[in-house]
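Notes for the one structure printed next.
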Amino acid sequence: MIALAAVAAGVSACMGPTYGTDKTSTGQLLDDISTMASIKREKGPDIDYTPRPEIVRPPKNAGLPQPQQNVAENNPAWVESPEDTRRRLVAEADANGEGSGYRSPLASTQTSKGVRKSAVKPSVQDGSPSPLSVMQKERQNKQFRENLKIQRGSYSDKRRFLSDPPLDYRKPAETAAVGDVGEGEKEKERRRVAEATKDSKGFKLPKFSLPW
Numbered sequence: 355m356i357a358l359a360a361v362a363a364g365v366s367a368c369m370g371p372t373y374g375t376d377k378t379s380t381g382q383l384l385d386d387i388s389t390m391a392s393i394k395r396e397k398g399p400d401i402d403y404t405p406r407p408e409i410v411r412p413p414k415n416a417g418l419p420q421p422q423q424n425v426a427e428n429n430p431a432w433v434e435s436p437e438d439t440r441r442r443l444v445a446e447a448d449a450n451g452e453g454s455g456y457r458s459p460l461a462s463t464q465t466s467k468g469v470r471k472s473a474v475k476p477s478v479q480d481g482s483p484s485p486l487s488v489m490q491k492e493r494q495n496k497q498f499r500e501n502l503k504i505q506r507g508s509y510s511d512k513r514r515f516l517s518d519p520p521l522d523y524r525k526p527a528e529t530a531a532v533g534d535v536g537e538g539e540k541e542k543e544r545r546r547v548a549e550a551t552k553d554s555k556g557f558k559l560p561k562f563s564l565p566w
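Positions in the sequence shown are counted from 1; adding 354 to them yields the numbering used here.
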């Protein structure tokens with residue numbers, strides 16, 4: 355009997371090791387689960403909540419500042435923006451009406467080469483041209499020359515773009531050769547051909563002797 359009790363104690367010890375805690379693994383697991391289930395969050399102190407204040411509004415009798423004036427209105431040297439130019443041209447076209455001989459620049463289209471071309475083709479009539487067609491032709495030629503000046507940058511009467519320098523900087527010096535475009539390309543080509551022809555007439559093959 356004593357031997358049987360000793361064997362039973364040894365088997366129970368092997369089935370339930372204590373790992374130095376004096377408790378079996380099953381008992382320790384049950385204790386841990388019961389401890390986790392009994393854990394409760396401690397209630398902290400109450401929050402001292404202050405309601406949000408109302409929006410601060412200006413008094414009703416306080417006047418708002420006047421809006422800032424446009425800089426371009428008080429400065430005549432300010433470059434006119436494309437939007438202002440279009441509004442001005444539309445106002446001019448509305449004021450002149452369709453009965454007069456006024457032709458707005460907005461009634462023209464831009465071609466691929468940068469030359470403005472009339473969108474409306476004038477009617478061909480027999481005989482001499484009418485005074486209205488002559489005036490339109492002169493106006494178109496003038497507009498063409500103005501556009502050509504803008505394209506080449508050869509205008510000096512006023513600033514048309516923000517990238518243009520001041521007018522004082524565009525005045526040529528007194529000693530500058532204004533209007534002198536130099537020698538043309540055709541003249542240069544003729545001179546080169548003449549010099550090449552002159553040199554070819556005096557060209558001779560060098561004399562040499564054969565080795566055999």
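Here a beta-carbon is modelled for each residue, glycine too, at the ideal position from N, C-alpha and C.
At the level of alpha carbons, what is the spacing between residue i and residue j?
i, j, result
"residue 402", "residue 420", "45 Å"
"residue 501", "residue 522", "22 Å"
"residue 497", "residue 439", "16 Å"
"residue 524", "residue 444", "32 Å"
"residue 427", "residue 515", "17 Å"
"residue 441", "residue 448", "11 Å"
"residue 399", "residue 413", "41 Å"
"residue 388", "residue 397", "21 Å"
"residue 552", "residue 537", "21 Å"
"residue 384", "residue 394", "18 Å"
"residue 417", "residue 406", "28 Å"
"residue 494", "residue 486", "12 Å"
"residue 517", "residue 528", "25 Å"
"residue 548", "residue 504", "38 Å"
"residue 437", "residue 499", "23 Å"
"residue 380", "residue 391", "17 Å"
"residue 425", "residue 545", "57 Å"
"residue 404", "residue 411", "21 Å"
"residue 484", "residue 540", "40 Å"
"residue 550", "residue 542", "12 Å"
What are the boundary residues of the alpha helix (DSSP H) that residue i is part of?
i, result
"residue 431", "Element bounds for residue 431: n/a, residue is neither H nor E."
"residue 458", "From DSSP, residue 458 is part of no alpha helix (DSSP H); its letter is neither H nor E."
"residue 387", "379-392"
For residue i, tell me which candidate among the options has the shortest Cα-Cα distance.
i, options, result
"residue 456", "517, 491 and 399", "491"
"residue 431", "551, 540 and 513", "513"
"residue 433", "489, 511, 390 and 381", "511"
So what's residue i in DSSP terms, helix, strand or just coil?
i, result
"residue 485", "helix"
"residue 539", "helix"
"residue 527", "coil"
"residue 495", "helix"
"residue 520", "coil"
"residue 502", "helix"
"residue 443", "helix"
"residue 512", "coil"
"residue 425", "helix"
"residue 420", "coil"
"residue 450", "helix"
"residue 545", "helix"
"residue 414", "coil"
"residue 438", "helix"
"residue 404", "coil"
"residue 552", "helix"
Measure how close the beta-carbons of residue i and residue j come, nearest whole angstrom, since I'm counting them as under 8 Å.
i, j, result
"residue 446", "residue 458", "7 Å"
"residue 532", "residue 526", "5 Å"
Tell me, please, whether the CB atom of residue i is closer than 9 Å to any CB atom in chain B?
i, result
"residue 526", "Included in the structure is just one protein chain, with no chain B present."
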